[in-house]
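Mapped onto this note's numbering, the consecutive letters of the sequence shown carry residue numbers 209 to 629.
For glycine and all other residues, C-beta sits at the position ideal for the given N, C-alpha and C.
Small disclaimer: the values here were computed from a predicted structure and weren't measured.
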Amino acid sequence: MDVNEENGVAESSPKIYLDYNATTPLEPSVLTAIHDALRDAWGNPSSSYAAGKKAGHVIKEARLSVANMIGALEGDIIFTSGGTEANNMVILSALEHFYEFHRERENHISDMKPHVITSNLEHDSIQLPLLHLAEQGKIELTFVPASQDSGAVTTEAILNKVRPSTCLVTVMMANNETGVIQPIENICKAIRGLMKSRLSQEMPRILVHTDAAQAIGKIKVDVNDLEVDYLTVVGHKFYGPRIGALYVRNPTRHTPIHPMFFGGGQERNFRPGTENTGMIAGLGQASQLVVENLDQYHKNMKLIRDYLEVRLKEIFQDKIQVNGKFETSERIPNTCNVSFIGIGLEGRKILATVQRLQASVGAACHSDVVSRPSPILIAIGVPHDIAMNALRLSVGRDTTKEDIDVVVEDLKVAIEGLRHK
Ligand SMILES: O=C(O)CC[SeH]
Numbered sequence: 209m210d211v212n213e214e215n216g217v218a219e220s221s222p223k224i225y226l227d228y229n230a231t232t233p234l235e236p237s238v239l240t241a242i243h244d245a246l247r248d249a250w251g252n253p254s255s256s257y258a259a260g261k262k263a264g265h266v267i268k269e270a271r272l273s274v275a276n277m278i279g280a281l282e283g284d285i286i287f288t289s290g291g292t293e294a295n296n297m298v299i300l301s302a303l304e305h306f307y308e309f310h311r312e313r314e315n316h317i318s319d320m321k322p323h324v325i326t327s328n329l330e331h332d333s334i335q336l337p338l339l340h341l342a343e344q345g346k347i348e349l350t351f352v353p354a355s356q357d358s359g360a361v362t363t364e365a366i367l368n369k370v371r372p373s374t375c376l377v378t379v380m381m382a383n384n385e386t387g388v389i390q391p392i393e394n395i396c397k398a399i400r401g402l403m404k405s406r407l408s409q410e411m412p413r414i415l416v417h418t419d420a421a422q423a424i425g426k427i428k429v430d431v432n433d434l435e436v437d438y439l440t441v442v443g444h445k446f447y448g449p450r451i452g453a454l455y456v457r458n459p460t461r462h463t464p465i466h467p468m469f470f471g472g473g474q475e476r477n478f479r480p481g482t483e484n485t486g487m488i489a490g491l492g493q494a495s496q497l498v499v500e501n502l503d504q505y506h507k508n509m510k511l512i513r514d515y516l517e518v519r520l521k522e523i524f525q526d527k528i529q530v531n532g533k534f535e536t537s538e539r540i541p542n543t544c545n546v547s548f549i550g551i552g553l554e555g556r557k558i559l560a561t562v563q564r565l566q567a568s569v570g571a572a573c574h575s576d577v578v579s580r581p582s583p584i585l586i587a588i589g590v591p592h593d594i595a596m597n598a599l600r601l602s603v604g605r606d607t608t609k610e611d612i613d614v615v616v617e618d619l620k621v622a623i624e625g626l627r628h629k
């Protein structure tokens with residue numbers, strides 16, 4: 209067995225991956241679906257001959273699977289390149305809806321700005337386009353702070369920020385760093401309750417979106433329970449490929465949707481561009497697996513995540529704090545955000561010291577920022593020094609108790625070493 213000269217660890221010591229909120233590997237059957245589609249359904253889906261029809265059939269089946277996974281209709285699903293594209297499409301469609309509403313009433317829109325409400329917990333693919341539009345003076349933007357008693361926004365806090373020009377409320381379904389589930393169903397019901405009065409007062413309908421990236425494949429996601437107008441699906445968070453889909457409730461007839469770019473008319477002109485048949489096939493298969501196994505996935509991940517937290521408590525006792533665990537809110541079953549109490553135990557230092565664990569201190573897209581704590585943890589009231597010492601551990605479908613035992617021992621050795629530096 210070779211031993212790495214730098215860290216003295218046997219090269220063959222396999223790494224333990226606990227960063228499934230960052231991304232997941234493909235399920236074998238998803239890989240097979242992608243391979244088979246690339247091999248057999250390579251035709252252009254817009255072509256009317258056999259090769260095109262075969263590709264079109266693969267896409268139709270995948271669309272049905274994605275729709276089935278979230279309780280939607282086939283026509284409500286628009287394939288996108290991923291969650292970022294889907295989220296940006298929602299924002300721009302809501303703005304267009306605002307302007308169309310006022311143009312139809314011949315209102316002077318030149319001095320009107322659409323208003324958007326979101327939370328201070330959102331992924332960058334919501335937060336940054338909204339900030340960009342606000343900086344350009346194109347929207348008015350309200351960030352509703354999460355409650356520090358629950359790690360989630362409250363429906364009341366969202367409602368309190370509604371104004372006549374509000375056209376979109378967008379709140380993620382579950383946070384990628386803490387796992388805290390947001391009250392999307394309640395928010396939707398409350399916003400729908402405003403619908404009649406707003407229309408009678410010549411105010412635009414408030415559209416509601418949720419980014420379900422971290423929820424799908426972990427908890428039940430049903431658009432009929434939620435009553436959202438839009439919902440973002442991200443394949444690589446549930447063992448699927450790196451494409452996505454946008455759920456739009458009855459597009460154009462009930463819910464406005466506008467293309468961000470123009471081309472050959474694919475996806476009913478909502479999202480033109482020759483379809484990525486192979487990846488779409490994979491997304492369909494990943495969705496089918498969720499339909500068939502969600503309860504088991506949820507049960508297994510929760511068992512292992514809870515075991516992780518028990519073992520951490522056994523080893524570190526009062527020298528750890530689990531962030532995002534509140535009496536008044538729920539977490540997705542696979543996520544544990546934990547801080548190690550003590551000087552010199554910054555999360556990044558711990559990750560640089562462990563021998564087997566692969567995890568993150570927060571969102572992967574923030575991994576380049578080394579000098580600050582997670583803004584999400586600060587937002588839910590975690591003190592700065594505790595937030596600096598946080599690790600985000602997210603287990604997967606196949607993570608075992610033996611994996612957890614290895615990780616906990618790895619952390620124990622690393623932290624003892626850092627404490628004595
Ligand atoms: O790592 C995450 O939380 C999502 C990808 Se930026």
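Output the boundary residues of the beta strand (DSSP E) element that contains His265.
From DSSP, His265 is part of no beta strand (DSSP E) but of the alpha helix (DSSP H) over Ala258 to Ile278.
State the CB to CB distance for the pair Met411 and Pro372, rounded to an integer number of angstroms; the pair is presumed to be in contact (CB under 8 Å).
So it is a contact: roughly 5 Å between Cβ atoms.
Nearest-angstrom Cα separation, counted from Ile278 out to Val569:
Going from the Cα of Val569 to the Cα of Ile278 covers about 30 Å.
Identify, in the order they occur along the chain, each residue of the same chain with its Cβ nearer than 7 Å to the Cβ of Asn477, setting aside the five sequence neighbours on each side.
Here the set comprises Pro467.
Put Glu348 into one of helix, strand or coil per three-state DSSP.
Three-state DSSP puts Glu348 in a strand.
With distances taken from CA atoms, which of Leu281, Gly387 and Ile594 is nearest Arg513?
Nearest of Leu281, Gly387 and Ile594 to Arg513, Cα basis: Gly387.
The beta strand (DSSP E) that contains Pro452, what's its start and end?
It should be noted that the sequence gives Gly, not Pro, for residue 452. Gly452 to Val456 is the span of the beta strand (DSSP E), which, as asked, contains Gly452.
For Arg406 and Pro480, what's the separation of their Cα atoms in angstroms?
Taking the straight line from one Cα to the other gives about 34 Å.
Could you work out which residue in Ser547, Glu393 and Cys375 is closest to Met596 when comparing CA atoms only?
Nearest to Met596 by alpha-carbon distance, out of Ser547, Glu393 and Cys375, is Ser547.
DSSP-derived helix/strand/coil call for Asp210:
Bear in mind that the predicted position of Asp210 carries a pLDDT of just 48, short of 50, making it unreliable; the figure below should be weighed with that in mind. Here Asp210 sits in coil by DSSP.
Assuming Ser333 and Asn295 form a contact by the criterion Cβ under 8 Å, report the distance between their Cβ atoms to the nearest whole angstrom.
The C-beta distance from Ser333 to Asn295 rounds to 4 Å, short enough to meet the 8 Å contact threshold.
I think Ser381 touches Val429, with their Cβ atoms under 8 Å apart; what is that distance to the nearest whole Å?
Position check: residue 381 holds Met in this sequence, whereas Ser was assumed. At roughly 7 Å, the Cβ-Cβ gap stays under 8 Å, so Met381 and Val429 are in contact.
In the structure shown, what three-state DSSP assignment does Val546 receive?
Strand at Val546.
Got a sec? Which residues, its chain only, sit under 8 Å from Arg539 by beta carbon, not counting five neighbours each side?
In chain order, Ala382, Thr386, Gly387, Val388, Ile389, Gly532 and Lys533 place their CB closer than 8 Å to the CB of Arg539, counting only its own chain and leaving out the 5 sequence neighbours on each side.
When you compare each of Arg605, Thr326 and Arg627 to Ile424 by their alpha carbons, which one comes out closest?
Checking every option, the nearest Cα to that of Ile424 belongs to Arg605.
Range covered by the beta strand (DSSP E) that runs through Leu439
In this chain, the beta strand (DSSP E) harbouring Leu439 covers Tyr438 to Val442.
Is the closest heavy atom of ligand 1 to the C-beta of Ala572 under 8 Å?
Yes; taking the cut-off as 8 Å, the Cβ of Ala572 has a heavy atom of ligand 1 nearer than that.
Span separating the alpha-carbon of Thr418 from that of Val377
Taking the Cα positions, Thr418 is about 8 Å away from Val377.
Within 8 Å: the Cβ of Asp526 and any heavy atom of ligand 1?
Result no, Cβ not under 8 Å from ligand 1.
Tyr257, buried or exposed, once every other Cβ within 10 Å from all chains shown has been counted against 16:
Classified as exposed, Tyr257 has fewer than 16 neighbouring CB atoms from the shown chains inside 10 Å of its CB.
Confirm the yes/no value for this check: CB of Thr231, any heavy atom of ligand 1, distance under 8 Å.
In this structure, Thr231 has its beta carbon less than 8 Å from a heavy atom of ligand 1.
Thinking just about the alpha-carbon of each residue, which of Val498, Thr543, Asn328 and Val298 is nearest to the one in Leu511?
Among Val498, Thr543, Asn328 and Val298, the Cα nearest to that of Leu511 belongs to Thr543.
Our contact map puts Ile347 next to His323 with C-beta atoms below 8 Å; I'd like the distance itself, whole angstroms only.
Confirmed, about 7 Å.
Could you compute how far the alpha carbon of Leu272 sits from the alpha carbon of Leu336?
Answer to the nearest angstrom: the Cα atoms are 32 Å apart.
First and last residue of the alpha helix (DSSP H) that includes Ala245?
The continuous alpha helix (DSSP H) containing Ala245 extends over residues Pro236 to Asp248.
Can you look up Asn501 in the DSSP assignment and give me helix, strand or coil?
Three-state DSSP puts Asn501 in a helix.
Given Gln493, which residues of its chain have a CB within under 6 Å of its CB, disregarding the five upstream and five downstream residues?
A distance below 6 Å between beta-carbons, with the five flanking residues on each side excluded, links Gln493 to the following residues of its chain, in chain order: Ser237, Val238 and Ala241.
Could you check the C-alpha separation between Gly589 and Arg450 for me, to the nearest Å?
Inter-residue distance for Gly589 and Arg450 is about 33 Å (C-alpha atoms, whole angstroms).
Does ligand 1 have a heavy atom nearer than 8 Å to the CB of Ala327?
At residue 327 the sequence reads Ser, which differs from the Ala that was named. Outside the cutoff, so no.
Going by CA-CA distance only, name the one from Ala360, Ile224 and Asp611 that's closest to Ser327.
Closest by alpha carbon: Ala360.
Is the beta carbon of Asn384 within less than 8 Å of some heavy atom of ligand 1?
Flag set: Cβ of Asn384 near ligand 1.
From the DSSP output, read off the bridge partner residues of Phe306.
Paired residue(s): none; Phe306 is not in a bridge.
9 Å Cβ cutoff met for Thr231 and His444
It is a contact, given that the beta carbons lie within the stated cut-off.
From the DSSP output, read off the bridge partner residues of Pro391.
DSSP lists no bridge partner for Pro391.
Note down the Cα distance separating Glu500 from Thr536, rounded to an integer number of angstroms.
Distance between the alpha carbons of Glu500 and Thr536 is about 30 Å.
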